[in-house]
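To keep things clear, I will list the structure first and then write my remarks on it.
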Amino acid sequence: MFIHRQNAFLYFILVVSVGYLISAMSLGAPIVDNGLTPSFFPIVVGAVAILFSTVLITQSLRNPPEERASDEPRNYTHLWVVAAIFVYIVAFRQIGYFISSSLFVFALIMIFSPLEKFLLKAGISVLVVAICYVMFQKLFGVRLPTLWG
Amino acid sequence: MDFILLVINSFSLLMDPFNLTYVVLGFLVGTIFAAIPGLTATLAMALLLPLTYTLSVETALMACASIYMAGMCGGSITATTINIPGAPSSMMTALDGYPMQQQGKGALALGHAALGSMFGGAVGALLLIAVAPFVAELSLLVKTTGKFSLLAFAIIVVVIAQRGRIPQAGLAACIGLMLATVGLDAMEPITRFTYGDSNLTAGIALMPVIIGTFAIAEVLMQACSPSDDLAVKAAAEQVKIRRRDFIPPWSDIRKIGFKCYFKSCLIGYFVGTLPGAGGSMGSFLAYTEAVRTSDEPETFGKGNPKGIVASESANNAVCGGAMVPMLTFGIPGDPITAIMLGVLVINGVQPGPQLMTDQAGLIAPMLAALLFSAVVLIPLTLYLLGPYFIKMVTIRKDVLYAVIALLAIVGSFVATYSTFQMFMALAMGVLAFYLRRNGFPVITMLLGYILGPNLEEFLRRSLALSNGNPTTFVTNMDSLFFVLLTFVFIYFLVIRKPVQKTAASRSKS
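Chains as they are written, first to last, in full-length UniProt numbering: chain A, 1 to 149; chain B, 1 to 509.
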């Protein structure tokens with residue numbers, strides 16, 4: 001296959017680099033009256049990034065990475081963690097530090113451990129959130145959002 | 001001499017109960033994070049970064065210094081006792097530390113590691129205190145064109161130091177430079193790559209970049225590569241360490257020889273001054289040198305304490321060396337000094353040549369803390385808490401990662417009380433995670449991001465001063481020096497190596 005799972009990231013970086021270069025070129029001419037403009041440096045960086053991406057993609061196509069063993073399970077746990085963090089950030093201001101953080105910590109503990117001993121893990125989550133509250137709010141004077149405003 | 005006196009006077013500030021508490025706590029946190037496989041002192045420092053908002057610069061830097069020192073020696077605990085280096089810089093320590101553990105001399109191996117770390121840390125800190133003011137004075141001679149060449153030199157050296165993955169390192173550096181160009185232009189009133197979002201006008205803040213790169217990315221890495229906790233716990237429970245066995249006998253120290261201690265310290269210190277080299281390279285080179293000069297090289301890897309001493313002396317001496325370019329030129333040598341640079345920037349202190357001359361009072365307490373951590377905290381912590389250190393690996397990883405993620409996300413909120421920074425930290429974490437997963441060194445991305453704004457500004461100023469004449473970079477002596485230095489490094493790190501390989505393959509054939 002032309003695009004392996006392993007080098008899809010390289011294609012993504014290449015696309016971003018091309019987009020960056022096009023945006024940089026839209027800022028105007030790179031040199032005006034013997035002086036460098038704000039577009040010069042990004043154009044150079046974008047071009048170099050495309051060069052490196054192309055080199056890496058070429059290397060990858062010449063020496064395709066070995067396919068993952070079929071019996072090795074694919075691990076998507078990191079995607080659950082990303083989703084949990086995203087939801088936590090969205091909920092942070094809406095429902096306040098205590099509720100959102102307790103749910104977030106509980107969710108992460110569940111992601112990183114077997115689905116058992118729910119009560120114990122819920123208790124640990126509340127304890128962790130309370131300790132972090134004391135540290136941030138009381139010790140370091142950080143104002144954390146609350147449900148009531 | 002004035003600076004040395006300033007450092008000596010700074011011990012009074014260090015002994016202030018408030019500051020001392022942070023230094024000791026920082027050391028313990030650094031040791032714990034370095035000892036637990038998968039966590040690093042860099043992560044500890046990234047989590048500490050948001051808290052520095054509420055601390056004075058001096059206190060924050062002192063805590064950073066103690067974390068740094070602890071991070072270099074803490075990794076030796078699990079490297080020695082269960083053959084899993086807690087930190088990459090302790091990989092060489094495991095080669096002789098673990099065989100000693102198997103021979104029932106684990107405590108003695110830890111004692112040798114602590115002594116080597118103490119010696120290396122102290123020599124590195126003393127050399128830093130002695131050398132930094134002179135380098136700072138020299139750095140004042142570097143003008144605009146020279147500054148551009150120096151920054152370009154730093155980025156190029158970090159990239160080519162990543163042997164075997166130079167294109168990946170180069171691309172990561174470009175990504176860092178791209179991130180640095182977002183926001184208001186430094187010289188003209190024009191915004192770049194903000195796409196109409198006012199949150200990006202001031203650019204991408206340092207805090208979410210560091211927290212995302214080191215904390216969130218680490219949690220994601222751990223999520224997709226679960227470790228065998230049960231095996232680690234079982235190995236840890238078998239380890240029995242007695243406090244009285246920690247102190248290495250004088251005969252052992254004489255057999256190792258002070259020459260080995262000093263040589264390893266110097267190797268570590270000078271490796272530390274090179275951008276991107278870090279503790280791993282320092283300990284590797286010192287270990288190799290110890291083997292090369294030994295009368296009994298066959299004993300290395302089988303429990304020779306000289307190997308432990310060489311590795312640990314060097315990686316702790318790196319701490320002092322890595323701070324030289326950071327303090328004098330504003331160029332971080334490794335991720336930890338990059339975060340220290342962040343502490344300075346967050347507190348409105350501009351790193352660079354003027355720092356040591358104008359604000360030496362801010363820096364001196366940090367160097368005092370570095371020395372104090374090496375000479376007092378390393379041996380004291382080992383003696384008092386050594387027998388319990390190994391129990392740290394049995395800590396619940398699920399709770400640990402949840403706490404790290406919570407501290408990271410809330411920490412990124414602290415800076416501006418804005419959820420935008422939290423999203424930015426998540427985005428940076430995801431980016432750094434995929435970079436690491438695909439073999440890209442994130443240190444080059446971070447260096448590109450940190451040095452990018454100055455690199456661009458000095459490039460444009462240099463060419464403006466010379467009416468667009470690019471030969472200005474070779475006609476100015478300060479610039480020419482760094483251009484030549486860059487070529488020297490390219491020769492030794494990129495060109496010479498393949499020639500040797502070719503010669504070796506020819507001789508084989």
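Ideal Cβ positions, reconstructed from N, Cα and C, are used throughout, including at glycine.
Query	Result
TYR401 of chain B, enclosing alpha helix (DSSP H) - first and last residue	397 to 414
Cβ of PRO64 of chain A within 8 Å of any chain B Cβ	no
Identity of the residues DSSP links to THR191 of chain B by a beta bridge	B:LEU184
Any C-beta of chain B under 8 Å from that of SER53 of chain A	yes
CA nearest to the CA of ILE346 of chain B, picked from B:PHE27, B:TYR22, B:GLN162, B:PRO208	B:PRO208
Residue-chain proximity (CYS64 of chain B, chain A), Cβ-Cβ < 8 Å	no
Neighbour flag for ALA202 of chain B against chain A, beta carbons, 8 Å	no
Contacts of residue 166 of chain A in chain B (Cβ-Cβ under 7 Å)	Nothing about residue 166 of chain A can be read from this structure; chain A reaches only from 1 to 149.
Proximity test, Cβ basis, 8 Å: PHE118 of chain A and chain B	no
Whole-number beta carbon distance between LEU406 of chain B and SER100 of chain A, since they are thought to touch under 8 Å	The pair is not a contact, with the Cβ atoms about 10 Å apart (cut-off 8 Å).
Of the listed residues A:PHE9, A:PRO42, A:ILE13, A:ILE95, nearest to THR146 of chain A (C-alpha basis)	A:ILE95
Per-residue DSSP class, three states only, for GLY35 of chain A	strand
Collapsed DSSP secondary structure at SER429 of chain B in the structure displayed	In the sequence as presented, Ser is not what sits at residue 429 of chain B; that position holds Gly. In the structure shown, GLY429 of chain B sits in a helix (DSSP, three-state: H, G or I).
Cutoff 8 Å: THR77 of chain A Cβ touching any chain B Cβ	yes
Short CB-CB distance (under 8 Å) between CYS224 of chain B and chain A	yes
Proximal chain A residues relative to ALA464 of chain B, where beta-carbon distance stays under 8 Å	GLY35, LEU36
Any chain A beta carbon closer than 8 Å to ALA41 of chain B	no
Beta carbon of ASN34 of chain A nearer than 8 Å to that of ASN476 of chain B	no
Backbone CA spacing between GLY183 of chain B and ALA415 of chain B [nearest angstrom]	18 Å
Three-state secondary structure (DSSP) of MET1 of chain B	coil
Contact with chain B by VAL45 of chain A, beta-carbon distance below 8 Å	yes
Alpha carbon of VAL90 of chain A to alpha carbon of ALA49 of chain A, nearest angstrom	33 Å
Between the CA atoms of PHE98 of chain A and LEU108 of chain B - distance to the nearest angstrom	47 Å
Within chain B, the residues that ILE95 of chain A reaches when beta carbons sit closer than 8 Å	Those do not exist, as ILE95 of chain A stays about 13 Å from chain B at its closest Cβ, beyond 8 Å.
Contact check, GLY68 of chain B vs ILE267 of chain B, beta carbons under 8 Å	Note that residue 68 of chain B corresponds to Tyr in the displayed sequence, not to Gly. No; because the gap between Cβ atoms is not below 8 Å, this pair is not in contact.
Residue span of the alpha helix (DSSP H) that contains GLY96 of chain A, given as start and end	77 to 112
Neighbour list for LEU115 of chain B in chain A, Cβ cutoff strictly below 7 Å	Chain A residues near LEU115 of chain B: none, gap ~35 Å exceeds 7 Å.
ALA87 of chain B, DSSP secondary structure in three states	coil
LEU138 of chain B - containing alpha helix (DSSP H), residue span	106 to 139
Exposed unless 16 or more other CB atoms sit within 10 angstroms - verdict on THR201 of chain B	exposed
Nearest-angstrom Cα separation, counted from GLY176 of chain B out to LEU446 of chain B	6 Å
Pairwise C-alpha distance: ILE109 of chain A and ALA69 of chain A	In this prediction, ALA69 of chain A has a pLDDT of 49, which is less than 50 and means its spatial position is unreliable; nothing more can be read from the coordinates.
C-beta contact flag for ALA314 of chain B and CYS265 of chain B at 8 Å	yes
Selected residue, minimal CA-CA separation from LEU141 of chain B, among B:PHE481, B:PRO305, B:VAL488, B:ARG496	B:PHE481
Beta-carbon gap between LEU49 of chain B and ILE210 of chain B smaller than 8 Å	yes
First through last residue of the alpha helix (DSSP H) which encompasses GLN59 of chain A	40 to 62
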